[in-house]
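S.K.: The sequence shown begins at 51 in our numbering and counts up by one. Please see the structure below; I have some questions.
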Amino acid sequence: MRFRTILFAIAVAVFAQPRVNEIVVERITTGYRFLNGPVWSPEDVLLFSDTPTDRMFRYASGKGTSEVSTYSGGISAATFDAKGNMYAAEPRARRVTRLDKKGKLDILAERFEGKRLNSPNDLVVRRDGTVFFTDPAFGEQQDNVELGFYGVFRITTKGELSAIARWKTRPNGIAISQDGRTLFVSDSDAQTVHAIDVDKDGVASNDRVIVSKIPGAPGGLRADVEGNFYVAARNVFVFSAKGELVRTIQLPEKPSSLTFGDPELQSLYITAQTSVYRVKIGVKGVVPYLP
């Protein structure tokens, strides 16, 4: 009997220990209408947008949240380049813009083949300055489309715009691998994630589906340095480079997009409908404009 009691005490002690892989979901700010476009800035703060109200906010650890600016065209996504310039996908203005550190705004893409873009949604800037973005059309934008397809586009360092994918279904989120040679693109309609190879000049090839039947409509996604990618859909789903499900992160609200942040880029910041959440992942994310 004493031996059994000792075994039971050991078992309780073992199973009472916290699991090494256990994650904690932390809500850092709330009270918004519909959040999107989280990005970790070179100034070590989180930026995110309340798209329906055209407002951009910043969150600094220990200092809380404050409003930064307004954009009449809305911002569904933002990112930076190595020089600190900010790029934005403006869905209602139907354009992609760049804001330099002095406040000068340039329109990088607004028309393609003489027609207005559908509604730029997400974008990424490779280390060499090449811009890739998605151009679906959601909600009211569907009534005003001029292009005959939903596209994934490239803007070269010379400012030349080209379509690297023309889909009948709507691309949403976009991310890039650590080596800059693979794009990951979510398809909200088909509930898939594509991988697209891009060479040193940004020329694309081998567009293929690597994950299918994702629960919910996949939106924003990001990659980490180990080759995994993270997709915001019904939950946040983490897949290996081979498309195998590694982990599911459940939130109180449906996530819209996500980004890596904090000084070592090992925390995942996730925008949901009314709130921003943080999960410490322990793996460094791919953030091309930061070392």
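By construction, the Cβ of each residue, glycine as well, lies at the ideal position given by its N, Cα and C atoms.
#1: Let me check one thing: in DSSP terms, what residues is K165 bridge-paired to?
#2: What residue range does the beta strand (DSSP E) around A283 cover?
#3: Can we say the region 154-172 touches the region 94-112, given the rule of at least three CB pairs closer than 8 Å?
#4: Which first and last residues belong to the beta strand (DSSP E) in which T242 is found?
#5: Nearest CA to the CA of Q316: which residue from K292, S307, R272, A282?
#6: Could you tell me whether the Cβ atoms of T184 and V235 are closer together than 8 Å?
#7: Check whether the region 233-252 touches the region 213-224, counting contact only when three or more Cβ pairs, one atom from each stretch, lie closer than 8 Å.
#8: Let me check understanding here. Comparing Cα to Cα, which of R176, I157, D178, R177 lies closest to P170?
#9: With a threshold of 16 other CB atoms inside 10 Å of the CB of L308, please say whether the residue is buried or exposed.
#10: My output table needs one value for N86: the three-state DSSP class, helix, strand or coil.
#11: Which residues in the same chain as E196 place their Cβ atom closer than 7 Å to its Cβ, once the five residues preceding and following it in sequence are excluded?
#12: Looking at C-alpha atoms only, which residue of I78, R83, R77, F182 is the closest neighbour of A128?
#13: Report yes if the C-beta distance between R144 and T120 is below 8 Å; otherwise report no.
#14: Rounded to whole angstroms, what is the Cα-Cα separation between K304 and N222?
#15: Taking Cβ positions, are F279 and I264 nearer each other than 8 Å?
#16: What three-state label does DSSP hand P186 in the structure shown?
#17: What are the residues that DSSP puts in a beta bridge with T232?
#18: From what residue to what residue does the beta strand (DSSP E) around E76 run?
#19: Going by the beta-carbon positions, is the gap between L85 and Q323 smaller than 8 Å?
#20: Smallest Cα separation from T298: which of K208, N285, R148?
#21: Is the beta carbon of K151 closer than 8 Å to that of N135?
#22: Out of S126, R176, D94, which has the shortest C-alpha to C-alpha gap to A187?
#23: Can you name the residues that DSSP bridges to D274?
#24: Roughly how far, in whole angstroms, is the beta-carbon of G293 from the beta-carbon of I260, given that I think they are within contact range, below 8 Å?
#25: In the DSSP assignment, find the unbroken beta strand (DSSP E) run with G201 in it and report its ends.
M.R.: Quick answer:
#1: Here residue 165 refers to the residue found at position 115 of the sequence shown. In DSSP, K165 forms a bridge with F162.
#2: Here residue 283 refers to the residue found at position 233 when the sequence shown is read from its first residue. Taken as a continuous stretch (DSSP letters only), A283 belongs to no beta strand (DSSP E), as it is neither H nor E.
#3: no
#4: Mapped onto the sequence shown, residue 242 falls at position 192. Its beta strand (DSSP E) spans residues 242-248.
#5: Within the sequence shown, the letter at position 266 stands for residue 316. Per the Cα distances, R272.
#6: As a working mapping, residue 184 is identified with position 134 in the sequence shown. As a working mapping, residue 235 is identified with position 185 in the sequence shown. Contact: yes.
#7: yes
#8: To locate residue 170, count along the sequence shown from 1; it is residue 120. For P170, the nearest C-alpha among the options comes from I157.
#9: Numbered from 1 along the sequence shown, position 258 holds the residue referred to as residue 308. Burial call: buried.
#10: Counting from one through the sequence shown, the residue named residue 86 turns up at place 36. In the structure shown, N86 sits in a strand (DSSP, three-state: E or B).
#11: Along the sequence shown, one-based indexing puts residue 196 at 146. Cβ within range, chain order: K165, R166.
#12: Here the question's residue 128 lines up with position 78 in the sequence shown. Ranking I78, R83, R77, F182 by Cα distance to A128 puts F182 first.
#13: Translated into positions along the sequence shown, residue 144 becomes position 94. Translated into positions along the sequence shown, residue 120 becomes position 70. For R144 and T120, no; Cβs fall outside 8 Å.
#14: In the sequence shown, residue 304 corresponds to position 254, counting from 1. In the sequence shown, residue 222 corresponds to position 172, counting from 1. Those two C-alpha atoms are separated by around 16 Å.
#15: Numbered from 1 along the sequence shown, position 229 holds the residue referred to as residue 279. Numbered from 1 along the sequence shown, position 214 holds the residue referred to as residue 264. The answer is no: Cβ separation not under 8 Å.
#16: The count along the sequence shown starts at 1 and reaches residue 186 at position 136. Reduced to three states, the DSSP call for P186 is coil.
#17: The residue given as residue 232 occupies position 182 in the sequence shown. Answer is D247, bridged to T232.
#18: For the purposes of this step, residue 76 is taken as residue 26 along the sequence shown, with counting starting at 1. From DSSP, the beta strand (DSSP E) with E76 extends over 75-80.
#19: Position 35 of the sequence shown, counting from 1, holds the residue named residue 85. Position 273 of the sequence shown, counting from 1, holds the residue named residue 323. In this structure, Q323 lies closer than 8 Å to L85 by Cβ.
#20: Taking the sequence shown and counting its residues from 1, one reaches residue 298 at position 248. Measuring from the Cα of T298, the nearest candidate turns out to be N285.
#21: For the purposes of this step, residue 135 is taken as the residue at position 85 of the sequence shown. For the purposes of this step, residue 151 is taken as the residue at position 101 of the sequence shown. Yes, the Cβ-Cβ distance between N135 and K151 is below 8 Å.
#22: Residue 187 sits at position 137 when you count from the first residue of the sequence shown. Answer by Cα proximity: S126.
#23: Within the sequence shown, numbered from 1, the residue matching residue 274 stands at position 224. For D274, which the question treats as bridged, DSSP gives the partners G335.
#24: What you label residue 293 is simply residue 243 of the sequence shown in a count that begins at 1. What you label residue 260 is simply residue 210 of the sequence shown in a count that begins at 1. That pair is a contact at about 4 Å.
#25: If you number the sequence shown from 1, residue 201 lands on position 151. Start and end: 200-205.
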